[in-house]
Amino acid sequence: MDKREQLLEGRFQQAVERKDVLKKTWREAWTPGRIIIAGLVSGFVMGRAEPVKIAVKSSTLMQMVTMLSGLFAGSGAQEAAEHADKAASQAGHAAREAGHAADSAQAATGAQASAARRDAA
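Quick note: the sequence shown uses our numbering, first residue 56, plus one each step.
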């Protein structure tokens, strides 16, 4: 039982460490230069697409561009951290379930061995 608990704790620690690495990598990836380039590219695309016509014809495209710019502004890092937390808790739950299954299998094996010994005697 202690071995399974240690395994569970180890897996949980790995998930937390991976979440921290993801969070750090995401923040490091969005350097000021990349943010400026993303803004210039999106501005160019919107300028070429005649925003007035697009806004009149399809407001959903403008909403999508607004949403994507918000994502690039940093909300993606928070979402990624939340997903990593969920993944860590799911990994912990899966490890606990695996431990319960192993306990059940061990109990079944022990019961079979006891029955075999009784039959042999």
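Backbone N, C-alpha and C fix where the C-beta goes; we use that ideal spot for every residue, glycine too. Model, not experiment: these values are computed from the prediction.
(message) I'd like the span of the alpha helix (DSSP H) that includes Trp-81, first residue to last.
(response) 57 to 84
(message) When you compare the CB positions of Ala-150 and Ala-70, do they come within less than 7 Å of one another, or not?
(response) no
(message) Quick check on Ala-143: buried or exposed, where buried means 16 or more other Cβ atoms within 10 Å of its Cβ?
(response) buried
(request) Select from Ala-139, Gly-98, Lys-58 the residue whose C-alpha is nearest the C-alpha of Ser-121. (result) It should be pointed out that residue 121 corresponds to Thr in this sequence rather than to Ser. It is Gly-98 whose Cα lies nearest to the Cα of Thr-121.
(request) Can you say whether Lys-79 is buried or exposed, counting buried as having 16 or more other CB atoms within 10 angstroms of its CB? (result) exposed
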